[in-house]
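Here the sequence shown is numbered in numbering that gives the first Met the number 0, starting from 0 and rising by one per residue.
Working notes, structure below.
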Amino acid sequence: MKRRVFACFLAIVMLTAIITGCHDSSTKTNVVKVNYDVNKEVAPYLKNLPEIPEADKDYVIQMGYNDCDHMVAAIIGEQAGIYKALGMNVVVTKSGKTAAAMASGDMVCGYSGFSSMVKNANKGAPVFMPAGSHLGGSKYFVIKSDINSSEEIIGSRITVTEDDMYSPYWLSYCEQVGIPTDYTKYQGVDMNDDDAIIAMKAGQLDGYMCCDPFGSIAEMEGFGKIIGTEWGAHVSDDLENGWGLHCGYFINTDFAKEHPELTTRLVLAHCLAIKYMYKHPYNSGMMFADGFGVKPDVGLRTIYIKTCAEGRTLCWDVSDANIKNYKDYWESFGIPEDKIPEVKDLPTFLDLSYLKACGIESFKSFIEDNKINETFPIRDPYLTWLEKAETIDGIDHSSTVGKTVEKWNNNEVVTKLTPKK
């Protein structure tokens, strides 16, 4: 099928999706009432912070996040009432243009891919990273459920382009699955995750590379399966060391200089939202489902992967070692130096002064003090994790939410294919 014909068909599919709804179109909120007093949570930090200046109390903070599971802290900060408890008026918007909006100043803070923000910063965009957010963390290669061998993928319609020849994710997927890296061996198309999932459901696309929720949606609804997963870092077997960076939390530099008190509170809110995920993982999954417009099962699955199955990838600790690991990871695939998104001005780009000013403890101390490793050991089986998450948030164990996908219940992430002949 020629790309022009494919594009016309996709436009029809997208119009249909707008009318019928691609994901869960229910307006019902999935969030449950849990034992969480937001004012009590923020109190120990507020007493050591300067007051918000009178001129800033009515400031409307525009925050963005991309359609990606790595950025769920934005939603939790809003739905758990953290922004409000810290005296801020934050408007949270899901947008695929967060990086560009921050570069232009239309948004003053947000969650975005690390690579895209580095490229913007290197071009002079006034943005910096004030804290960690997502160290490595999986992206997926998803194919149609009726494809059962590596050989069937060659020549198929997948979201691969020439640019992917310099992507460690694509190169790693090819190695895992046993297929050629040369993009010309496929009917390559360029589209975002939202469009790709619609096209696959319509039978017009055979595979796509994505973040969650788009991998879990495919498996939940049965039209696709994850055959490759890649973390964007060289990670130790115990999932404790070797992390790079995948996505990040960023703030506009000019905004931070003009509004330091608000900036410090935004960083604190980011950290408290991550805390919430580990202390209330079930309800975090419900907030994820509401914020992304997906089924609650998908929300639970993604929170499990991000906070347990692949280690503690969502955290606020970060250092220049993570950025070095990121660069080393790209280099390990033989990617040319000029194709690697490298931070040119590290001291300016990674400014942890607001993280220190907000008074938050280290992420490691939080994990230890709250016995997260004892409650949810890394690689805890999914159903074991889910039962404990239900207990914490008062959910009856007879609930079937999150328990209907056999692959998940069997603790599988990747579906193995028959090797090509």
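Note that CB positions come from ideal geometry on N, CA and C, so glycine has one too.
Cutoff 6 Å; reference residue i; Cβ partners in own chain excluding five residues on either side
i, result
"F213", "D192 and I196"
"L244", "F113, N321 and Y325"
"C357", "T263, V266 and L267"
"D379", "C307"
"E367", "none"
"V89", "I60, M62 and Y82"
"W169", "D163"
"A100", "G63 and M106"
"V33", "H279, N282 and D392"
"Y353", "P129, T262, T263 and V266"
"C67", "C210"
"L385", "G401"
"D138", "Looking at the sequence itself, residue 138 is Lys, so the reference to Asp does not match. The answer, listed in chain order, is Y168, C210 and E229."
Residues bridged to residue i (per DSSP)
i, result
"I157", "G187 and G206"
"E229", "K138"
"F127", "I250"
"S148", "T417"
"K143", "G223"
"T92", "G63"
DSSP three-state assignment for residue i, whether helix, strand or coil
i, result
"L313", "strand"
"A267", "Ala is not the amino acid found at residue 267; the sequence shown has Leu there. Looking at L267 - three-state DSSP - the assignment turns out to be helix."
"V176", "helix"
"T374", "helix"
"G112", "strand"
"L349", "strand"
"S132", "strand"
"A255", "helix"
"D236", "coil"
"P380", "coil"
"M87", "coil"
"P167", "helix"
"T97", "helix"
"E411", "coil"
"T262", "helix"
"V4", "Confidence at V4 is low in this model, with a pLDDT of 39, below 50, so its placement is unreliable and no value can be given for it."
"N369", "coil"
"K118", "helix"
"K402", "coil"
"S397", "coil"
Nonlocal neighbours in the same chain, by C-beta distance under 8 Å from residue i, ignoring five residues either side
i, result
"D189", "T158 and T160"
"F222", "K143, S144, M199 and K200"
"K363", "D316"
"K171", "A small fix is needed here, since residue 171 is Ser in this sequence, not Lys. So the list reads G227, E229 and F332, once near-sequence residues are dropped."
"F127", "A120, F249, I250, T252, A255, T347, F348, L349 and D350"
"K56", "G86"
"N372", "I366"
Other residues of its chain near residue i: CB distance less than 7 Å, five sequence neighbours each side excluded
i, result
"T28", "D289"
"T403", "D296"
"N38", "A84"
"G135", "W230, G231, A232, V234, W242, G243, H245 and T312"
"K338", "Y165"
"M70", "Y64, Y110 and C246"
"I75", "A272, Y275, M276, S283 and M286"
"K118", "P340"
"E218", "K224, I225, V404 and K406"
"L416", "N147, S148, S149, V176 and I226"
Outcome for residue i when other beta-carbon atoms lying within 10 angstroms are tallied against a minimum of 16
i, result
"P376", "exposed"
"G202", "exposed"
"N409", "exposed"
"P129", "buried"
"E309", "buried"
"G154", "exposed"
"T97", "buried"
"D344", "exposed"
"E229", "buried"
"N46", "Residue identity differs from the one stated: residue 46 is Lys in this sequence, not Asn. Exposed: under 16 other Cβ atoms inside 10 Å."
"G123", "exposed"
"N65", "buried"
"H424", "Residue numbering for the chain in the displayed model covers 0 to 420; residue 424 lies beyond these limits and cannot be assessed."
"E77", "buried"
"K274", "buried"
"H396", "exposed"
"T301", "buried"
"A42", "exposed"
"E389", "buried"
"P418", "exposed"
"A54", "exposed"
Cβ-heavy atom distance, residue i to the ligand SAM, below 8 Å
i, result
"W315", "Here there are no bound small molecules, and the ligand SAM is not part of this structure."
Problem set entry | Secondary structure, beta strand (DSSP E): runs of 3+ residues fully inside the segment 19-79 | 59-64
Exercise. Which residue spans inside the segment 266-347 form an unbroken beta strand (DSSP E) run of at least 3?
Worked result: none
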